[in-house]
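One structure below.
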Amino acid sequence: MIRTALLVAGKDLRIERRSRVLLWQVLPFGVMALVLSGLALGPNHAGNSSAGPGLFYLVMLLVALLMINRSQVIEGSSGTRTSIATLGLDPAGVFLGKALALALELWLTGVVVLAGSVLLLHTALVGSAEALPSVLVILAALAAAGTLYGALSGGGQGPATLLPVLSFPAFAPLLIAGERSYSDALHGGALWQWWVISLVALVVYLAIGILLYGVLEDS
Amino acid sequence: MIKQLSQRLLGPVTLVLLALTFWLGLWVTPPDRVQGNLVRLLYVHPAIAWVALYVSFGTSVIASSLYLWRRTRSVVMDRVASCAMEVSAVFLALTLITGSIWGRPTWGVWWAWDARLTSTAILLVFALGYLALRRANDDPELRARRSAVFAIIAAINVPIDHFSVDWWHTLHQGATVFTENGNFLVHGSMLWTLFLSLFAFTLLFFWLLRARYRLEVQRDARYAASLDEALAQRRREGVH
Amino acid sequence: MSSSSRVVELRDAVVLVDGFPLLSGVTLELESGSLNVVTGANGAGKTSLLRLLGGLVALSSGSGVVSGVDLTTGDRRELRRRVGWLGHEGSFYDDLTATENLTFAAKALGRPLDEIGRVLERVGLSSRTKTPAKRLSAGQRRRLGLAWLLLRRPETWLLDEPYATLDDEGRTFFDELIGDVVKSGASVIVSAHDPLRSSALLPRTITLAGGRVVGDHS
Amino acid sequence: MPDTEDTFDLTPVAAPPTKRRGRWRTIGVLAVLVLAVLALLSQGLLHSLNYFETIDQAMNSRAQLGTETFRLEGVVKPHTIDRTSRGASFWMTGGDKKIFVDATGSPPQLFQANIPVVVEGHFTSETSDKFVATQILVKHTATYIAKYPNRVKAPNGTVR
Chain A
1 MIRTALLVAG KDLRIERRSR VLLWQVLPFG VMALVLSGLA LGPNHAGNSS
51 AGPGLFYLVM LLVALLMINR SQVIEGSSGT RTSIATLGLD PAGVFLGKAL
101 ALALELWLTG VVVLAGSVLL LHTALVGSAE ALPSVLVILA ALAAAGTLYG
151 ALSGGGQGPA TLLPVLSFPA FAPLLIAGER SYSDALHGGA LWQWWVISLV
201 ALVVYLAIGI LLYGVLEDS
Chain B
1 MIKQLSQRLL GPVTLVLLAL TFWLGLWVTP PDRVQGNLVR LLYVHPAIAW
51 VALYVSFGTS VIASSLYLWR RTRSVVMDRV ASCAMEVSAV FLALTLITGS
101 IWGRPTWGVW WAWDARLTST AILLVFALGY LALRRANDDP ELRARRSAVF
151 AIIAAINVPI DHFSVDWWHT LHQGATVFTE NGNFLVHGSM LWTLFLSLFA
201 FTLLFFWLLR ARYRLEVQRD ARYAASLDEA LAQRRREGVH
Chain C
1 MSSSSRVVEL RDAVVLVDGF PLLSGVTLEL ESGSLNVVTG ANGAGKTSLL
51 RLLGGLVALS SGSGVVSGVD LTTGDRRELR RRVGWLGHEG SFYDDLTATE
101 NLTFAAKALG RPLDEIGRVL ERVGLSSRTK TPAKRLSAGQ RRRLGLAWLL
151 LRRPETWLLD EPYATLDDEG RTFFDELIGD VVKSGASVIV SAHDPLRSSA
201 LLPRTITLAG GRVVGDHS
Chain D
1 MPDTEDTFDL TPVAAPPTKR RGRWRTIGVL AVLVLAVLAL LSQGLLHSLN
51 YFETIDQAMN SRAQLGTETF RLEGVVKPHT IDRTSRGASF WMTGGDKKIF
101 VDATGSPPQL FQANIPVVVE GHFTSETSDK FVATQILVKH TATYIAKYPN
151 RVKAPNGTVR
């Protein structure tokens with residue numbers, strides 16, 4: 001399973017490097033969304049609002065949706081699906097591989113958007129640095145859940161509009177845990193409750209993915 | 001014989017019990033010292049919430065997991081799961097509505113970010129997501145598999161949602177922590193009416209589930225008939 | 001190889017996708033190590049039959065055993081690993097180059113990586129190893145799929161209308177290749193509009209219409 | 001097309017078998033899943049947090065609370081309700097202490113003397129016992145006591 005996972009992750013990242021969708025489309029989108037949210041807050045609030053953490057995770061949620069869709073689209077074309085099916089890869093391995101690749105991409109974008117929120121929204125640098133571990137765990141949970149929901153909503157051929165409807169209720173607790181631990185980190189020390197929520201969510205989605213990804217995959 | 005009897009009696013018994021609950025709830029039981037007649041919602045809201053969160057959602061999740069398990073996989077399980085989820089969507093919406101009606105006079109607002117209200121709302125979005133997923137797939141087998149997986153994910157999210165919303169709502173930086181004593185003292189006739197309402201609404205759920213299930217059976221029968229027709233027509237293609 | 005000498009045993013196989021019966025009751029037995037050609041008009045169910053034999057689509061009703069895997073109770077993933085598929089939609093990942101695609105597939109099934117250069121050259125893609133698959137022409141993409149089959153060397157070859165866009169030189173290349181494959185002991189099932197031109201191969205020809213077998217002469 | 005000379009060995013090669021440890025892996029992963037949910041439940045149930053602070057709690061953790069927003073619970077002192085255009089101000093008692101509450105926004109319908117309420121807001125300063133509230137919630141106790149006085153008053157319950 002692990003070997004397949006690494007193989008699939010390597011493939012996804014290589015496709016990303018070659019097609020540069022992340023670098024030239026998703027990253028700019030992330031930063032632009034942050035700028036827009038700053039504008040939305042209005043001039044006097046943008047600089048010193050306590051909404052920094054909330055906006056960060058809202059932007060990361062939108063970025064995650066784009067990436068989940070992208071992660072499924074590359075598998076989507078019928079020629080690809082048929083030929084990959086004849087490789088008979090272990091579905092759990094495929095799930096872990098794709099989730100891992102998605103997590104790495106989300107981490108990269110997350111760091112960039114985090115830096116953006118420190119620069120643009122003046123959220124405290126030290127606090128944001130302290131919040132980084134919790135950000136990484138939440139983004140990993142988003143990647144695991146996202147890969148699962150990507151397959152659920154049609155795996156690349158289904159309508160892209162289905163993904164948000166299905167995934168938002170599941171992303172809600174991750175958003176809450178993320179925002180709370182980030183803003184607590186700004187005031188010094190996150191409460192352990194948020195670590196419980198994010199770690200449990202991560203483990204749960206990885207477990208469900210390993211168990212049930214195969215059910216979703218073979219059409 | 002018992003099966004037919006219970007089948008035929010389910011509807012009437014449910015109606016009688018519901019009527020009894022409303023009669024007791026509205027006239028016989030006394031008003032509350034603080035809330036006056038508003039407390040009569042006590043005989044509706046908890047019962048609907050109980051059915052929505054545990055009975056209907058539970059039925060759907062159990063049926064879905066049975067569907068996923070190879071040995072108990074059958075069309076019946078898929079139908080029960082989808083019908084139960086549809087009914088639970090209705091009950092979840094009713095829970096929110098009756099909850100807001102009750103909350104309005106006490107909180108002064110229709111919607112307060114109360115922990116229970118918010119996690120019920122998240123569950124309602126899950127149920128609607130489930131129905132959207134079922135509409136998005138028209139291949140019966142694929143649809144059944146995907147909605148079963150989604151129901152399992154929704155079930156496991158219930159505790160996650162509950163606690164994340166609960167802590168989000170009540171947590172402060174360095175809040176004092178002690179267990180809440182949720183003793184539920186209801187007096188005399190109010191208590192009996194409450195239990196009656198729980199029972200009556202649970203029966204209502206099964207009655208609605210059965211009605212919806214029968215509709216689904218007919219729909220599947222029509223679908224199967226269209227399949228046979230398509231099969232026959234396809235075979236004729238090969239003959240000329 | 002499966003104990004019985006038959007690679008395919010189907011009984012009233014029906015395949016339904018989105019409510020449409022692609023196969024409406026196929027009963028068929030094919031010997032292993034043989035060459036079989038499936039012909040029939042467009043939409044007769046040729047591709048669906050091949051996909052069923054490759055474990056790429058589920059059996060809606062009826063029963064069947066292919067390369068020792070039961071289509072209803074068996075593990076279709078196991079069956080998919082035992083077949084080689086060549087479709088006309090190009091294969092693997094559009095964003096990866098020919099070499100990267102073959103490396104990925106080879107690692108997935110434990111095939112030697114050093115043979116990749118040779119198989120690409122054998123199918124005439126040695127000058128295109130670095131270009132992403134999406135920039136290859138349809139014919140070249142099909143040859144990439146063929147290169148993978150040469151590297152994979154499956155027990156059963158499922159070729160979906162390989163002759164469709166080939167010129168004369170390509171046709172002779174394919175006839176010759178199929179001859180080698182059958183000689184080496186693999187079973188080959190080809191779908192084509194018209195029966196094979198060259199008689200040297202003496203294929204068994206199965207004609208489909210309306211999703212069923214209507215003709216079968218070897 | 002390539003040269004016709006064929007040096008290729010095409011004898012079929014069996015695919016590596018799919019490892020059949022599915023059963024153990026499924027049980028293992030299921031165990032991890034159940035453990036994770038149980039961990040969440042145990043953490044959650046053990047520390048189910050209070051929805052509000054009683055006046056006693058608030059008073060003896062004043063330093064910690066400072067002027068931070070939190071929810072305060074107490075009983076409305078009769079004859080102290082002063083309904084202003086902006087909202088209402090009243091005294092709230094809890095145990096032997098009392099706090100003056102100045103609330104903005106229309107109080108809920110059931111707001112009256114002698115009933116338990118929860119107010120959301122903050123103290124005006126570390127020491128003052130003046131509380132500025134943004135919302136008043138009537139706390140209908142979990143005990144539903146019939147209107148007739150002959151019923152025994154239950155101990156102080158919490159919000160339903």
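Residue numbers (my numbering), protein chains in the order written: chain A, 1 to 219; chain B, 1 to 240; chain C, 1 to 218; chain D, 1 to 160. Even glycine gets a Cβ: it sits at the ideal position worked out from N, Cα and C. It should be emphasised that the depicted structure is a prediction, and the values quoted were computed from it without experimental measurement.
Apart from the five residues on each side of it in sequence, which residues of its chain come closer than 6 Å, Cβ to Cβ, to residue i?
i: R210/B; result: none
i: V135/A; result: G110
i: S184/C; result: none
i: D78/B; result: Y67, A144
i: L55/A; result: S37
i: T72/B; result: L66
Just the C-alpha distance for residue i and residue j, rounded to the nearest angstrom, thanks.
i: S64/B; j: V149/B; result: 7 Å
i: A164/C; j: W24/D; result: 47 Å
i: F57/B; j: L66/B; result: 14 Å
i: S50/A; j: F199/B; result: 48 Å
i: T54/D; j: K98/D; result: 11 Å
i: S83/A; j: D138/B; result: 24 Å
i: T98/B; j: L110/D; result: 18 Å
i: G178/A; j: L96/B; result: 26 Å
i: A185/A; j: R104/B; result: 36 Å
i: E105/A; j: G19/C; result: 39 Å
i: A170/A; j: E229/B; result: 41 Å
i: V215/A; j: S74/B; result: 15 Å
i: M1/C; j: G68/C; result: Bear in mind that a pLDDT of 40 at M1/C, under 50, signals an unreliable position, so the number given afterwards is only what the model happens to contain. M1/C and G68/C: Cα-Cα distance of roughly 8 Å.
i: S125/D; j: G66/D; result: 7 Å
i: L10/B; j: R212/B; result: 14 Å
i: T127/D; j: R71/D; result: 17 Å
i: I289/A; j: A232/B; result: Beyond the ends of chain A as shown, which are 1 and 219, falls residue 289/A; an answer cannot be given.
i: W167/B; j: L120/C; result: 60 Å
i: G146/A; j: I138/A; result: 12 Å
i: P173/A; j: S6/B; result: 43 Å
i: E217/A; j: V28/B; result: 58 Å
i: V165/B; j: L142/A; result: 18 Å
Of all the CB atoms in chain G, is at least one closer than 7 Å to the CB of residue i?
i: I210/A; result: Looking at the structure shown, chain G is missing, and the protein chains on hand are A, B, C and D.
Whose Cβ in chain B lies nearer than 7 Å to the Cβ of residue i?
i: F168/A; result: V125
What is the C-beta distance between residue i and residue j, in whole angstroms, given that I count them as a contact (C-beta under 8 Å)?
i: L149/C; j: L86/C; result: 6 Å
i: V88/A; j: R81/C; result: The sequence as given places Gly at residue 88/A; Val does not occur at that position. Contact flag correct, Cβ pair sits at about 3 Å.
i: G87/D; j: A113/D; result: Not a contact, Cβ separation roughly 16 Å.
i: A98/C; j: G238/B; result: Between G238/B and A98/C the Cβ distance is about 40 Å, and since that is not below 8 Å, they are no contact.
i: S137/C; j: T156/C; result: 28 Å between Cβ atoms; not a contact.
i: A131/A; j: Y182/A; result: 4 Å
Is the beta carbon of residue i within less than 6 Å of some heavy atom of the ligand ZN?
i: M1/A; result: Of ligands this structure carries none, so the ligand ZN is not represented either.
Taking Cβ-Cβ distances shorter than 9 Å, what residues in chain D pair up with residue i?
i: V200/A; result: A36, V37, A39, L40, Q43
Near residue i, what residues of its chain come up, given a Cβ to Cβ distance below 8 Å and the 5 sequence neighbours on each side ignored?
i: S226/B; result: none
i: D12/C; result: G25, V26, T27, S61, G62, S63
i: R234/B; result: none
i: V117/D; result: E73, G74, V75, V76, M92, F111, I136, L137, V138, K139
i: Y148/D; result: Only weak support exists for where Y148/D lies, its pLDDT of 49 falling under 50; the value from the coordinates is given anyway. Hits under 8 Å: none found.
i: R212/C; result: L23, S24, G25, V26, G45
i: L34/A; result: L55, F56, V59, V113, G116, S117, L120, L121
Grab me the residues of residue i's own chain with a C-beta within less than 7 Å of its C-beta, minus the 5 sequence neighbours each way, in chain order.
i: A192/C; result: V37, T39, E161, Y163
i: A140/A; result: A103, L202
Residues of chain A with CB closer than 8 Å to the CB of residue i, please, in chain order.
i: L273/B; result: Nothing in the structure corresponds to residue 273/B, since chain B is present only between 1 and 240.
So with CB distances below 9 Å, who are the chain A contacts of residue i?
i: L10/D; result: Under the 9 Å cutoff, chain A gives no residues; its nearest Cβ is about 17 Å from L10/D.
i: A138/C; result: None at all; the shortest Cβ gap to chain A is about 10 Å.
Name the chain D residues that come within less than 8 Å of residue i, Cβ to Cβ?
i: A252/A; result: The question about residue 252/A has no answer here: the residues shown for chain A are numbered 1 through 219.
At 7 Å on the CB atoms, spell out the chain D contacts of residue i, in chain order.
i: P154/C; result: P12
Name, please, each residue of chain C whose Cβ falls closer than 8 Å to the Cβ of residue i.
i: T166/D; result: Because chain D is modelled from 1 through 160, residue 166/D falls outside the range shown and cannot be assessed.
Check your understanding: Do three or more CB pairs link the segment 91 to 106 of chain C to the segment 130 to 145 of chain C at distances below 8 Å?
Key -> The count of Cβ pairs closer than 8 Å, one atom from the segment 91 to 106 of chain C and one from the segment 130 to 145 of chain C, reaches three, so the stretches are in contact.
Check your understanding: On the three-pair Cβ rule with 8 Å, is the segment 121 to 133 of chain B touching the segment 85 to 94 of chain B?
Key -> With a cut-off of 8 Å, the segment 85 to 94 of chain B and the segment 121 to 133 of chain B count as touching, because enough Cβ pairs lie within range.
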